[in-house]
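K.L.:
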Amino acid sequence: MHSRTHSADGQDSVSAQISYLVPMKDKPTTYVCDPPAGKPALNATYEWQPAVVRNARPLRARLSLEHEGFLLADHTSATSNFWDDSLVRSVYFPEVEELVRSLTGAREALVFDHTRRRRTGRGPLNGNQLTFSDVREPVGKAHADFTARSAVARLKLEVGARAAELQAGRFAIINVWRPLNRAPILDAPLAVLDAGSMHAEDLVASDLIYSDRIGETYNLTYSPTHRWHYFPEQNRNEAIVFKNFDSQSTAPFAPHTAFDDPHAPPDAPLRESIEARVFAFF
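In my numbering, the protein residues as written are -3 to 278.
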C-alpha cells in the first residue's frame, strides 16, 4: 500500500511519475492534422521520471502568479452545463475574465480559447498519446502551452489590428483550470511546476502543426531541481490559475501536466475538466 511522505518543510507529498521529453536533435513536431505521406504524427519520445509532487494547499496563502506562477482560487460559476458551448461562452467566459482581472490587476481580460477534457480510460498518462477532438484526453506530459513567439502570433490572430497597440505594453496569457466532476477529483489531477525551479535549458520549443497554421509550445526535459505541486481533491468550485506567458515578469509561465496519483482508488471517477486561456492586458 502506498503511503504519503513528508518533505523537509512538513508538506504532504506523493511519489509519482512525470512524463518528460527525451532530448533529441531535431525539433519536436506534432501534427494536429493528417501528416504528409511518410511523416509520423509525432516525432518525439517521452520517458517517465520519478517526482515528488507536493500538496500545495498548506502553501496556498503565499502562492502567487508573480513568483511561483500559479495559485488556487475559490471560484463558483453560475454555468449550469459546461458541456453546452453557448452557455460556456455567454456565462463562463465573462466570469473567467472578471476572475483574471481581479487576480492580476489587468485593465482588460479576453478569453480566446477553451478546452474540455474527459479521460476515457485508465491507460498511462504520457506524451505519446495524441487526442485532438472537441473533448480531449488529459495531457500527460510536462509542457507549457506557449513560447514567446507563439504567444505573439496568437495575439495577432485573435485581436487583429489591435495587436501592435497591445503588444507594446505588458500582456500575459493566463490559464484557468477547473474539474467538472461533481465530487472532488482523485483521478489525473493537475500538477503545476514552480516557475522558480526550472531553467532555460529545460525548455524545448516544439511545433504543433495544424491544417492552417503552426503553433509552438514548450516540452520539458527532466531536471532534479523541478518542484511539482498539486491541490489534492480539488473540487469544481476551485480553479487553478497559472501563467502560460508573460511579456514582463520574473515568472513568465508555469509548466504543467496531468499525473496519476498513486493514492487514488482504482475505481475513482475518471477526471473531467475545462480550461480557459485568457489574454490579460496591463
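Where is the CB? At the ideal position from N, CA and C, for every residue including glycine.
Closest to Pro228 by CA distance: which of Pro220, Leu106 and Ala184 is it?
P.N.:
The residue you call residue 228 lines up with position 232 of the sequence shown. For the residues Pro220, Leu106 and Ala184, the minimum Cα distance to Pro228 belongs to Ala184.
K.L.:
Just checking my contact of Trp173 with Val49 at CB under 8 Å: how many whole Å lie between their CB atoms?
P.N.:
Here residue 173 refers to the residue found at position 177 when the sequence shown is read from its first residue. Here residue 49 refers to the residue found at position 53 when the sequence shown is read from its first residue. About 16 Å separates the two Cβ atoms, so there is no contact after all.
K.L.:
Who are Trp79's beta bridge partners in DSSP?
P.N.:
To locate residue 79, count along the sequence shown from 1; it is residue 83. Paired residues: none, contrary to the question.
K.L.:
According to DSSP, is His(-2) part of a helix, a strand, or is it coil?
P.N.:
Start at 1 with the first residue of the sequence shown, and residue -2 comes out as number 2. Note that His(-2) scores 40 on pLDDT, short of 50, meaning its location in the model is unreliable and no value can be drawn from it.
K.L.:
Just to confirm, is the Cβ distance from Ala168 to Phe89 under 8 Å?
P.N.:
Your numbering for residue 168 matches position 172 in the sequence shown. Your numbering for residue 89 matches position 93 in the sequence shown. The answer is no: Cβ separation not under 8 Å.
K.L.:
Can you check the segment 30 to 94 for any beta strand (DSSP E) of at least 3 residues that lies completely inside it and give the ranges in chain order?
P.N.:
The qualifying runs are 42 to 51 and 66 to 70.
K.L.:
Pull up the DSSP beta-bridge partners for His222, would you.
P.N.:
To locate residue 222, count along the sequence shown from 1; it is residue 226. In the DSSP output, where bridge partners are listed per residue, His222 has none listed.
K.L.:
Compute the Euclidean distance between the alpha carbons of Arg53 and Val148, then round it to the nearest angstrom.
P.N.:
One-based indexing of the sequence shown puts residue 53 at position 57. One-based indexing of the sequence shown puts residue 148 at position 152. About 33 Å.
K.L.:
What residue does the beta strand (DSSP E) around Arg209 start on, and which one ends it?
P.N.:
Mapped onto the sequence shown, residue 209 falls at position 213. Here Arg209 belongs to no beta strand (DSSP E), and DSSP marks it neither H nor E.
K.L.:
Is the beta carbon of Leu121 less than 8 Å from the beta carbon of Ala254?
P.N.:
Here residue 121 refers to the residue found at position 125 when the sequence shown is read from its first residue. Here residue 254 refers to the residue found at position 258 when the sequence shown is read from its first residue. Yes, the pair counts as a contact, with Cβ atoms nearer than the cut-off.
K.L.:
Exposed or buried, what is Gly6 when buried is set at 16 or more other beta-carbons lying within 10 Å of its beta-carbon?
P.N.:
If you number the sequence shown from 1, residue 6 lands on position 10. Residue confidence for Gly6 is low, a pLDDT of 46 falling below 50, so the modelled location carries little weight; the figure read from the coordinates is stated next. With fewer than 16 Cβ atoms within 10 Å of its Cβ, Gly6 is classed as exposed.
K.L.:
Provide the residue span of the beta strand (DSSP E) that contains Arg273, from first to last.
P.N.:
Taking the first residue of the sequence shown as 1, we reach residue 273 at position 277. Element bounds for Arg273: Glu268 to Phe277.
K.L.:
Helix, strand or coil for Gln230 per DSSP?
P.N.:
For this step, residue 230 is matched to residue 234 along the sequence shown. Of the three classes helix, strand and coil, the one that applies to Gln230 here is coil, per DSSP.
K.L.:
Which residues does DSSP list as the beta-bridge partners of Arg132?
P.N.:
As a working note, residue 132 is residue 136 in the sequence shown. According to DSSP, which records beta bridges pairwise, Arg132 is partnered with Arg113.
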